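*Asks:* Chains as they are written, first to last, in full-length UniProt numbering: chain A, 1 to 440; chain B, 1 to 215.
Put into structure tokens, the structure is as follows:
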């Protein structure tokens, strides 16, 4: 694997003899090796299940089984990413996982995902050579323990059970049993030096198969570069629009307000009635300017989003729609503000489409977070046929989400119903629970 | 009439104080943050509160939350909430208890002093005054398969003006019909929304609440 070459640096060797923590570090590594030996059991089961499902995929039932076992294997690989990452002292990143709309599309996506195949290869590795490595690492320790306790075992067991015939020498007395300690001279150094090395190699193997490959990373960087350029273009266009809105709206009205007040000041003495009229005009201009600023602010960052977070803001949005819309929110915290804003505008765009094009009589918005990803699903019972490739609304949405590594899946068969699912990786801040629901 | 003001901008706080005192109110407290407002609203002799939605410490919707909490502690405590923007959601929350004495207006409306003062008095008297912008949003989304579909367009118009806190005579003036016709429309609205018999003022509030909830 190409990645191993770049990753051999980084791991600090375990403390040497005499350094503090040397024994502890080795005991810990031994415990890890034991864990790896045990983990080979689920690895065996999952790898066999995936392999068998693959081979019966033609029958159809295999496809169904794959839908269950492939994610399970990925989850299990995650456990190893965490464990081996710890051993190596650096994070083993997870490859990007794509989510498609329908189960069939999902399977197709997996076929094209090298990471999934590498996970399967890793499964075979971890139950063969990986398992042997873990056993060897553990074995030296077991050897040390065995030779250490051998004289005492010999002592308490009946005569003859633990006699050893070495050909040139037969061990059959208690004194000779203590001579077995000589083997410790071999077992101890082996355990001392080989166990750390074996566990290190095992972790490197895991990393080689489980970390994203160079090709994947290259593709991702290319994608990010493109979406970054689009985001910058988009923000520049937004800023120009805001500038224009303020210039044509609020600023113009404030100028007219100033003029009305100036005129009123002149007329105050000679023609109080005309002055009163001008002051009234000024007041109206002030109201108009405030209205303009309000609508500009709503376009930049809706105040209700700042006040109530994504859940509350989407509920407020739903209330203003012509189509009755239920909102289900299950977010255990608040996403970062830029994500909140992007998802809010995405949902707002999706709902605007529902009202304008779908001919729907009901819509639903669901917001949830699975610990890693924020998911928003907008469903309507309209006529369907929405296509991100036609029309700019949905495509623009997709581009904006791409800046956050987010994805949009549109499922809209002709005749409906339409489901638009957005997904963004993000962490939630604060433990404040925001679970609520509202119906239109 | 004794009024409490909750507004964090010093300029607006002083402006409101001056404006209300010039119109015959006694400003008993002008709080600049949520804890101060909570304390001021706990006084038993407050007749009405004028509260900004955004207040320190977090500058989100503290004012609204304090107002709702105060109304939970003292049901029907008249509160007029002011904001730079209006949301149906907040109007709904304010009126969620089904008690009147609620106002929810854009800050812009303060500029029309006479009307603003009338609104404060109306809220203090247990009425309901919603900003025309909230009402407009309600009008555009009303009738989504609810009891409100039973209203004739004229009755819906009357209900909208009722939500803005207009009196019968004001509504009559606006729609250029007699006050008697308006009372008849209002009677029909009450019937169609299945509102329980009670005094007229309370039924007006309930009609607006029903409308807000979209039932």
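Beta carbons are placed, not taken as given, at the ideal position from N, Cα and C, and that holds for glycine. Remember, it's a predicted structure, so these values are computed and weren't measured experimentally.
Strictly under 8 Å for the Cβ-Cβ distance: is residue 426/A near chain B by that measure?
*Replies:* Chain B, which has no Cβ nearer than 8 Å to the Cβ of residue 426/A, makes this no.
*Asks:* Between residue 273/A and residue 311/A, what straight-line distance do the alpha-carbon atoms span, to the nearest angstrom?
*Replies:* If you take the alpha carbons of residue 273/A and residue 311/A, they lie about 51 Å apart.
*Asks:* Who are the near neighbours of residue 421/A in its chain, counting only those whose CB is closer than 6 Å to its CB and skipping five residues on each side?
*Replies:* Cβ within range, chain order: 377 and 409.
*Asks:* For residue 69/A, collect the residues of the same chain with a Cβ closer than 7 Å to its Cβ; drop the 5 residues on either side in sequence, then sort them by chain order.
*Replies:* Contacts found: 46, 49, 50 and 53.
*Asks:* How far does the beta strand (DSSP E) with residue 407/A in it extend, from its first residue to its last?
*Replies:* 407 to 411 is the span of the beta strand (DSSP E), which, as asked, contains residue 407/A.
*Asks:* Would you mind working out which of 189/B, 116/B and 129/B sits nearest residue 149/B, comparing C-alpha positions?
*Replies:* For residue 149/B, the nearest C-alpha among the options comes from 189/B.
*Asks:* Going by C-alpha to C-alpha distance, which of 158/B, 120/B and 159/B sits closest to residue 49/B?
*Replies:* Ranking the options by Cα distance to residue 49/B, first place goes to 120/B.
*Asks:* Is there a Cβ of chain A sitting closer than 8 Å to that of residue 93/B, yes or no?
*Replies:* No, no contact with chain A.
*Asks:* Quick one: what does DSSP say residue 27/A is sitting in, helix, strand or coil?
*Replies:* Helix, per DSSP.
*Asks:* If we define contact as Cβ-Cβ less than 8 Å, is residue 320/A a contact residue for chain B?
*Replies:* Taking Cβ atoms only, chain B reaches closer than 8 Å to residue 320/A, which makes this a yes.
*Asks:* Which whole-angstrom value is the C-beta distance of residue 388/A and residue 344/A, which I expect to be below 8 Å?
*Replies:* At roughly 19 Å, the Cβ-Cβ gap does not stay under 8 Å, so residue 388/A and residue 344/A are not in contact.
*Asks:* Which partner residues does residue 39/A have in the DSSP bridge list?
*Replies:* Answer by DSSP bridge pairing: none, since residue 39/A is not bridged.
*Asks:* Between the segment 272 to 298 of chain A and chain B, which residues of the former have a C-beta closer than 8 Å to a C-beta of the latter?
*Replies:* Cβ contacts with chain B come from 283, 286, 287, 290, 291, 294, 297 and 298.
*Asks:* Tell me, please, which residues DSSP counts as bridged to residue 234/A.
*Replies:* Bridge partners of residue 234/A: none, in fact.
*Asks:* Compare the beta carbon distance of residue 34/B and residue 4/B with 8 Å and say whether it is the shorter of the two.
*Replies:* No, they are not a contact pair.
*Asks:* Is residue 22/B helix, strand or coil when you go by DSSP?
*Replies:* DSSP places residue 22/B in helix when its eight states are reduced to three.
*Asks:* Against residue 164/B, what residues of chain A qualify as contacts under a CB-to-CB distance less than 9 Å, listed in chain order?
*Replies:* What residue 164/B touches in chain A: nothing, since even the nearest Cβ is about 16 Å away.
*Asks:* Could you name the residues of the same chain whose beta carbon sits closer than 6 Å to that of residue 282/A, not counting the 5 residues immediately before and after it, in chain order?
*Replies:* Cβ within range, chain order: 257, 260 and 261.
*Asks:* Suppose contacts are defined by Cβ-Cβ distances below 8 Å. Is residue 32/B in contact with residue 8/B by that definition?
*Replies:* Their beta carbons are under 8 Å apart, which means residue 32/B touches residue 8/B by this criterion.
*Asks:* Buried or exposed for residue 104/A, going by 16 or more other Cβ atoms inside 10 Å?
*Replies:* Classification of residue 104/A: exposed, given that the 10 Å Cβ count is below 16.
*Asks:* Any beta carbon of chain A sitting closer than 8 Å to that of residue 28/B?
*Replies:* Not closer than 8 Å to any Cβ of chain A, the Cβ of residue 28/B fails to qualify, so no.
*Asks:* Leaving out five residues on either side along the sequence, give the residues of the same chain with a beta carbon under 6 Å from the beta carbon of residue 360/A.
*Replies:* Answer for residue 360/A: 323, 354, 380, 381 and 382, listed in chain order.
*Asks:* Bridge partners of residue 373/A, per DSSP?
*Replies:* Answer by DSSP bridge pairing, in chain order: 425/A.
*Asks:* At 4 residues or longer, what runs of the alpha helix (DSSP H) sit wholly inside the segment 102 to 150 of chain B?
*Replies:* For the segment 102 to 150 of chain B, whole alpha helix (DSSP H) runs of length 4 or above, ordered along the chain, are 113 to 124 and 132 to 141.
*Asks:* Are the segment 204 to 211 of chain B and the segment 96 to 108 of chain B touching, with three or more C-beta to C-beta distances below 8 Å?
*Replies:* Flag = yes, the segment 204 to 211 of chain B and the segment 96 to 108 of chain B touch.
*Asks:* Should residue 509/A be labelled buried (16 or more other beta-carbon atoms within 10 Å of its own) or exposed?
*Replies:* Here chain A covers residues 1 to 440 and nothing more, so residue 509/A does not appear.
*Asks:* Please state if the CB of residue 300/A and the CB of residue 242/A are separated by a distance shorter than 8 Å.
*Replies:* Cβ atoms of residue 242/A and residue 300/A: closer than 8 Å.
*Asks:* In whole angstroms, what is the alpha-carbon distance linking residue 22/B and residue 110/B?
*Replies:* Spanning the two alpha carbons is a distance of roughly 14 Å.
*Asks:* Under 8 Å between C-beta atoms, does residue 251/A make it to chain B?
*Replies:* So, not an interface residue.
*Asks:* Under 9 Å between beta-carbons, which chain A residues line up against residue 85/B? List them in chain order, please.
*Replies:* Within 9 Å Cβ-Cβ: 294, 297, 298, 302, 303 and 304.
*Asks:* If you draw a straight line from the C-alpha of residue 402/A to the C-alpha of residue 212/A, how long is it?
*Replies:* Roughly 19 Å separates the two Cα atoms.
*Asks:* Taking Cβ positions only, does residue 334/A come closer than 8 Å to chain B?
*Replies:* Chain B, which has no Cβ nearer than 8 Å to the Cβ of residue 334/A, makes this no.
*Asks:* Under the assumption that residue 27/B contacts residue 37/B (Cβ atoms under 8 Å), give the Cβ distance between them as a whole number of angstroms.
*Replies:* The Cβ separation is near 13 Å, so there is no contact.
*Asks:* How would you list, in chain order, the residues of chain A whose beta-carbon sits under 9 Å from the beta-carbon of residue 140/B?
*Replies:* Within chain A, the residues near residue 140/B are 320 and 322.
*Asks:* Which residues in chain A sit within 8 Å of residue 108/B, going by Cβ to Cβ distance?
*Replies:* Those are 286, 287, 290 and 291, listed as they occur along chain A.
*Asks:* Assign residue 165/B to buried or exposed, taking buried as 16 or more other Cβ atoms, counted over all protein chains shown, within 10 Å of its Cβ.
*Replies:* Buried, because 16 or more other Cβ atoms sit within 10 Å of the Cβ of residue 165/B.
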